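J.:
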Amino acid sequence: MKKVFLLAFIFAFGIFSAHAADLKIGYLDFHKALNESNEGKKASKVLEDMISKKEKIFNGKKEEIKKLDEELKKQASVLTPETTNDKQENLSKLYRDYQRMVKDFQEELKKKEADLRQVIEKDLFKIIIDIGKEDGYAYIFEVNAGGLLYYQEKFDITGKTIKLYNKAAKNKK
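For the sequence shown, my numbering gives the first residue as 14, with consecutive numbering after it.
(1) Based on the DSSP output, what are the partners of N154 in its beta bridges?
(2) Under 8 Å, do L177 and I144 count as touching if we go by C-beta distance?
(3) Thinking C-alpha only, which one of I140, K173 and K125 is nearest K55?
(4) Residues in its own chain within less than 6 Å of D42 by CB, not counting five upstream and five downstream?
(5) Please check the pair K74 and M114, which I expect to be a contact at CB under 8 Å, by giving their CB distance rounded to whole angstroms.
(6) Under the rule that 16 or more other beta-carbon atoms within 10 Å means buried, what is F138, buried or exposed?
(7) Does the distance from the C-beta atom of Y111 to that of I133 stay below 8 Å?
(8) Just grab the DSSP bridge partners of D117 for me.
(9) Label S50 either buried or exposed according to how many other C-beta atoms from any shown protein chain fall within 10 Å of its C-beta, with 16 as the threshold for buried.
(10) Decide if A151 is buried, meaning its Cβ has at least 16 other Cβ atoms within 10 Å, or exposed.
(11) Would you kindly check if the distance between the Cβ of L85 and the Cβ of K100 is under 8 Å?
(12) Looking only at its own chain, which residues have a Cβ that is under 8 Å from the Cβ of K173, when we skip the five neighbours before and after it?
(13) Thinking C-beta only, is L122 closer than 8 Å to L60?
(14) With distances taken Cα to Cα, identify the nearest neighbour of N184 among D62, N72, K45 and D136.
(15) So, is I64 buried or exposed, given that buried needs 16 or more other C-beta atoms within 10 angstroms?
(16) Could you name the residues of the same chain whose beta carbon sits closer than 6 Å to that of Q131, not counting the 5 residues immediately before and after it, in chain order?
(17) In chain order, what residues of the same chain have a beta carbon less than 8 Å from the beta carbon of L129, not counting five sequence neighbours either side?
(18) Assign E120 to buried or exposed, taking buried as 16 or more other Cβ atoms, counted over all protein chains shown, within 10 Å of its Cβ.
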């Protein structure tokens with residue numbers, strides 16, 4: 014689909030080459046704008062804090078499971094088969110709970126990241142549209158979305174987008 018769009022664009026660009034002098038095309042590294050903006054950095058910090066808090070809990074549970082497993086191995090020869098079986102079931106349950114806890118956190122983290130990202134993306138798109146209108150761009154491409162094979166640095170609006178977004182986010186507060 015992207016190739017079809019690119020070919021159509023190239024074809025249209027060739028047909029209207031008489032207007033090429035009026036045509037201003039820019040590009041943006043959206044990933045960079047998202048991650049290097051102040052709000053993007055704050056979002057990364059929020060996610061890192063969430064991870065570090067949970068990591069401590071996960072490490073504690075992991076150690077608890079490891080300790081119980083070692084105890085079971087040491088005591089296996091003196092325990093009755095029924096007691097050994099009960100302890101193994103308990104250990105298995107603890108391990109399943111640990112895995113479930115990790116999985117739940119991963120889902121929570123994904124959701125939080127998506128929520129934070131969505132707000133930033135929405136604001137960035139507004140800034141990009143404003144830049145396009147104010148600076149007279151006919152097209153603004155996302156450099157990582159594919160299709161953009163060559164560009165000149167002078168048409169990169171990533172830095173300007175980050176700067177305007179940081180300013181807008183600061184004024185929002």
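No residue lacks a Cβ here, since even glycine has one placed at the ideal position from N, Cα and C. None of these values were measured; they are calculated from a predicted model.
T.: To lay it out plainly:
(1) As written in the sequence, residue 154 is Phe, which differs from the Asn given in the question. Y40.
(2) yes
(3) K125
(4) V156 and T171
(5) 7 Å
(6) exposed
(7) No, the pair does not count as a contact, with Cβ atoms beyond the cut-off.
(8) Its beta-bridge partners do not exist; DSSP assigns none.
(9) buried
(10) exposed
(11) yes
(12) For K173, where only same-chain residues beyond five positions count, the Cβ hits under 8 Å are I144.
(13) yes
(14) D136
(15) I64 is exposed by the Cβ-count criterion.
(16) Around Q131, the same chain offers no residue with a beta carbon nearer than 6 Å, after the five sequence neighbours per side are excluded.
(17) A56, V59 and L60
(18) exposed
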